[in-house]
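**Student:** Structure incoming, see below.
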Amino acid sequence: DAGVIQSPRHEVTEMGQEVTLRCKPISGHNSLFWYRQTMMRGLELLIYFNNNVPIDDSGMPEDRFSAKMPNASFSTLKIQPSEPRDSAVYFCASSLETPGSYEQYFGPGTRLTVT
Amino acid sequence: DAKTTQPTSMDCAEGRAANLPCNHSTISGNEYVYWYRQIHSQGPQYIIHGLKNNETNEMASLIITEDRKSSTLILPHATLRDTAVYYCIANYGQNFVFGPGTRLSVLP
């Protein structure tokens, strides 16, 4: 199994530009998560989907952030316009949600730098 | 806020057992205890989880106290590659809240 795949692995962009992060979950998993990690705030859940439907987006910082999951094998996290404070590592994770079993499997992350 | 408290850091000698404690005194009856670890620059890695009973897998053992207010993750024979930040999470469902974790350093 290839695991969760994220692209790009590194992204450097200028303030005001649009940034799109991509994620391919593990095949057969029905839940997908986007997290952000910074030194100051640690690892934060931004949004999660179940069966391609957004279930909880309360962690999305503001309207500049949006996430989509058009099908079971692909999701995007978009930041428009980007700001320097968005610099962080963004992780995607997936899980097979079954009662009593919610272990999530994380991708390698995308390191975003906004200058 | 995370529902768990963990020591900020711990050291362990290579080859010895590493015992990482976690306090979750407000855990609800249906909440599981999960352990993850994050090796530098990598995504968090699932280790083990449990509800009431002690659990063991190829990576570690999880000991949960009878009152479920605390637990201990045991790495039976720590290696240098086990140096990482270890996160303990008490949760029902998918909305994991990661605290700062315990930074475990395995020393040669």
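If you're matching them up, the sequences are chains A and B in order. In terms of our numbering, the first sequence opens at residue 2 and continues consecutively. In terms of our numbering, the second sequence opens at residue 5 and continues consecutively. Idealized CB from N, CA, C, for every residue including glycine.
1) Starting from R112 (chain A), trace the beta strand (DSSP E) in both directions and tell me its first and last residue.
2) Would you kindly work out how many angstroms separate the C-alpha atoms of L97 (chain A) and T111 (chain A), rounded to a whole number?
3) Between the alpha carbons of F75 (chain A) and M61 (chain A), how many angstroms are there, rounded?
4) Any idea if N61 (chain B) is buried or exposed, counting beta-carbon neighbours within 10 angstroms, 16 or more meaning buried?
5) Pairs of beta-carbons, one from the segment 27-37 of chain B and one from the segment 64-75 of chain B, closer than 8 Å: are there three or more?
6) Return the first residue and the last residue of the beta strand (DSSP E) that S76 (chain A) is part of.
7) What is the DSSP secondary structure of L66 (chain B), counted as helix, strand or coil?
8) Count the other CB atoms, across all protein chains shown, that sit within 10 Å of the CB of R41 (chain B); report buried if there are 16 or more and exposed otherwise.
9) Would you mind telling me which residues of chain A sit closer than 9 Å to Q98 (chain B), beta carbon to beta carbon, in chain order?
10) Mind listing the chain B neighbours of G110 (chain A)? Cutoff is C-beta to C-beta under 7 Å, in chain order.
11) Grouping DSSP H, G and I as helix and E and B as strand, with all else coil, what is D57 (chain A)?
12) Counting Cβ pairs closer than 8 Å, one from the segment 36-55 of chain B and one from the segment 103-110 of chain A, do we hit at least three?
13) Report the rounded CA-to-CA distance for H11 (chain A) versus L113 (chain A), giving the unit in angstroms.
14) CA-CA distance, Y38 (chain B) and N23 (chain B)?
15) Is it the case that the segment 78-95 of chain A contacts the segment 30-44 of chain A, given that we only count it when at least three CB pairs across the two stretches are under 8 Å?
16) With DSSP collapsed to three states, give me the class of R42 (chain A).
17) When the Cα atoms are used, what is the spatial distance from A21 (chain B) to I78 (chain B)?
18) Tell me which residue opens and which closes the beta strand (DSSP E) that E84 (chain A) is part of.
**Tutor:** On the basis of the data shown:
1) T111 to V115
2) 23 Å
3) 19 Å
4) exposed
5) yes
6) F75 to I80
7) strand
8) buried
9) S32, F34, L46, Y49, N51, I56, D57, S96, E98, Y103 and Q105
10) G47
11) strand
12) yes
13) 6 Å
14) 15 Å
15) yes
16) coil
17) 7 Å
18) From DSSP, E84 (chain A) is part of no beta strand (DSSP E); its letter is neither H nor E.
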